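S.K.:
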Amino acid sequence: MRRIGVLTSGGDAPGMNAAVRAVVRKAIYHGLEVVGFRRGYHGLVYGEYSFMQLGSVADIIHRGGTVLLTARAPEFLEPEGRQKALGIIRESGIDALVVIGGDGSFRGAMALEKAGFPAVGIPGTIDNDIDRTDYSVGFDTAVNNATDAINKVRDTATSHERVYVMEVMGRTAGHIALAAGLAGGAESILVPEVPFDLDEVCERLQRGVKRGKLHSIILVAEGAASGLKVAEEIKERTEMDTRVTILGHLQRGGTPTAFDRMLASRLGAAAVDLLLSGCHGQMVGFVDNTVKSTTFSEALAKQKPFPEDLYRLATILAI
Ligand code: ATP
């Protein structure tokens with residue numbers, strides 16, 4: 001192995017820069033050359049790449065987003081697009097590719113593997129919806145951003161004695177909602193993994209008011225329901241003063257937490273080690289506080305289990 005490529009793909013996640021930095025520096029440390037592809041698989045298809053040096057990843061560990069840029073690249077879903085990408089791969093002279101992204105990006109990496117080109121993956125998505133890793137890069141920062149928003153909304157909710165419905169990201173998963181809801185002390189957390197009953201949510205709210213609660217926060221995962229709809233329903237059923245905050249992309253921005261930077265650094269270095277040891281077709285993950293690799297097919301085989309014990313705990317503590 002002489003030269004490797006690296007790209008970030010899918011939705012951006014804070015900490016992706018720290019992962020790119022780790023890949024570039026660990027590879028150079030071992031005497032490899034590194035090529036950075038821009039805009040995910042788009043860069044592979046259209047030949048947007050350049051060599052990366054130690055200095056090209058200086059001063060980025062603390063920055064959100066990704067200096068390599070990211071994109072959804074529909075061309076890569078088509079056989080012709082992938083053929084073009086294989087041509088660019090040959091032109092660039094790389095022997096393997098490190099893909100930093102979510103499950104879709106790993107499917108792309110599997111397509112390269114199927115075509116005979118070695119690839120490894122680093123889970124980078126705020127949604128934390130990839131199985132076989134306890135955390136994906138970006139999740140911790142998103143949870144901290146959402147928790148910070150809950151703290152702020154709590155101040156105004158208390159002052160006006162209101163119910164606030166806060167909608168958070170996560171696509172089809174409720175991991176961000178659960179973690180931020182537990183950390184932020186939300187009264188109810190609605191996630192796609194657990195069926196919910198709005199009458200029960202309303203009863204909870206009314207019980208809280210009876211015992212003197214000045215405010216309530218209902219956290220809704222975007223995959224569970226629309227925050228606007230939930231707020232309308234609550235208002236209709238309880239006649240309580242209800243407001244909605246949709247956090248949206250605020251959750252994805254800002255400086256990555258120390259946890260995300262450390263995770264990204266460890267996984268980036270592990271991805272290079274994996275390639276140097278001759279392994280590929282795998283994702284590096286973080287399981288029980290240890291870096292562990294698993295095949296793409298195992299990682300993508302099933303939905304990541306939802307921590308129902310934590311969900312029950314959050315419900316008990318918000319009694
Ligand atoms: P996030 O979880 O943040 O949305 P993601 O990696 O799941 O990230 P996707 O948009 O699903 O984001 O995938 C990113 C890119 O990966 C796609 O735009 C496409 O180029 C490539 N890709 C996705 N699925 C496949 C597939 N089945 N075959 C080949 N390439 C794929």
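Its first residue numbered 1, the sequence shown is counted upward by one per residue in UniProt numbering.
Yeah, the Cβ is synthetic: ideal placement off N, Cα and C, and Gly gets one too.
Everything numeric in this text was worked out from a predicted model, so none of it was measured.
Just to confirm my understanding: we take G254, look at its own chain, exclude 5 residues before and 5 after, and list those with CB closer than 8 Å. What are they?
M.R.: Once the five neighbours on either side are set aside, the close Cβ partners of G254 are P14, G64, T141, N145.
S.K.: Taking 7 Å as the cut-off, is the C-beta of L97 nearer than that to any heavy atom in ligand 1?
M.R.: No; taking the cut-off as 7 Å, the Cβ of L97 has no heavy atom of ligand 1 nearer than that.
S.K.: Helix, strand or coil for V209? Go by DSSP, reduced to three states.
M.R.: It is helical.
S.K.: Under 7 Å: does the beta carbon of P74 sit that close to some heavy atom of ligand 1?
M.R.: Flag set: Cβ of P74 near ligand 1.
S.K.: Is D131 near ligand 1, with its Cβ less than 7 Å from a heavy atom?
M.R.: No, since every heavy atom of ligand 1 falls outside the 7 Å radius drawn around the Cβ of D131.
S.K.: When every heavy atom of ligand 1 is checked, does at least one fall within less than 7 Å of the C-beta of T125?
M.R.: Yes, since a heavy atom of ligand 1 falls inside the 7 Å radius drawn around the Cβ of T125.
S.K.: Which residues does DSSP list as the beta-bridge partners of S293?
M.R.: S293 is bridged to V284.
S.K.: Taking the C-alpha atoms as reference points, what is the distance between R72 and K302?
M.R.: Answer to the nearest angstrom: the Cα atoms are 22 Å apart.
S.K.: Contact defined as beta carbons within less than 8 Å: I believe E191 pairs with A149. What is the distance between those atoms, to the nearest angstrom?
M.R.: Checking the sequence shown, residue 191 turns out to be Val, not Glu. At roughly 17 Å, the Cβ-Cβ gap does not stay under 8 Å, so V191 and A149 are not in contact.
S.K.: Would you mind working out which of G170, R107, R261 sits nearest L219, comparing C-alpha positions?
M.R.: Nearest C-alpha to L219: G170.
S.K.: Going by the beta-carbon positions, is the gap between V284 and V230 smaller than 8 Å?
M.R.: Result no, Cβ atoms of V284 and V230 do not sit closer than 8 Å.
S.K.: For R21 and chain D, any beta-carbon pair shorter than 8 Å?
M.R.: The structure shown contains no chain D; it is built from a single protein chain.
S.K.: From what residue to what residue does the alpha helix (DSSP H) around F266 run?
M.R.: Inspection of the sequence shows that residue 266 is occupied by Arg rather than by Phe. Here the alpha helix (DSSP H) through R266 covers 258–276.
S.K.: Leaving out five residues before and five after R243 in sequence, what residues of the same chain have Cβ atoms less than 6 Å from its Cβ?
M.R.: These residues qualify, in order along the chain: R162, Y164.
S.K.: Count the C-beta pairs between the segment 37–45 and the segment 121–129 that are closer than 8 Å, then say yes if the count reaches three, no if not.
M.R.: Taking 8 Å as the limit for Cβ pairs, the verdict is that the segment 121–129 does not touch the segment 37–45.
S.K.: Tell me, please, whether the segment 11–26 touches the segment 114–124 by the rule of three or more beta-carbon pairs shorter than 8 Å.
M.R.: With a cut-off of 8 Å, the segment 114–124 and the segment 11–26 count as touching, because enough Cβ pairs lie within range.
S.K.: Where does E298 land, buried or exposed, given buried means 16+ other C-beta within 10 angstroms?
M.R.: By the 10 Å Cβ count, E298 comes out exposed.
S.K.: Output yes or no for whether 8 Å exceeds the beta carbon distance between E187 and L205.
M.R.: For E187 and L205, yes; Cβs fall inside 8 Å.
S.K.: Hey, out of H215, Y135, V194, whose CA is closest to H157's CA?
M.R.: The identity of residue 157 in the sequence shown is Ala, whereas the question assumes His. Per the Cα distances, H215.
S.K.: Does the beta carbon of S105 fall short of 7 Å from some heavy atom of ligand 1?
M.R.: Yes.
S.K.: Beta-carbon separation of M1 and L276 under 8 Å?
M.R.: Going by C-beta atoms, M1 is nearer than 8 Å to L276.
S.K.: At which residues does the alpha helix (DSSP H) containing A231 begin and terminate?
M.R.: Residues 227–238.
S.K.: Mind checking which residues open and close the beta strand (DSSP E) that includes E91?
M.R.: From DSSP, E91 is part of no beta strand (DSSP E) but of the alpha helix (DSSP H) over 79–92.
S.K.: Rank M262, K26, T238, E232 by C-alpha distance to the C-alpha of T245 and give the top, closest one.
M.R.: With distances taken between Cα atoms, T245 lies closest to E232.
S.K.: List the whole-angstrom C-beta distance separating A180 from V137, where the pair is believed to meet the contact cut-off of C-beta under 8 Å.
M.R.: Between V137 and A180 the Cβ distance is about 17 Å, and since that is not below 8 Å, they are no contact.
S.K.: Going by CA-CA distance only, name the one from R237, L274, A115, G10 that's closest to G81.
M.R.: Among R237, L274, A115, G10, the Cα nearest to that of G81 belongs to A115.
S.K.: If I measure Cβ to Cβ from I176 and keep anything under 8 Å in the same chain, skipping five residues before and after, which residues do I get?
M.R.: I126, D127, N128, F139, A142, V143, A146, V168, M169, G170, A221, Q251.
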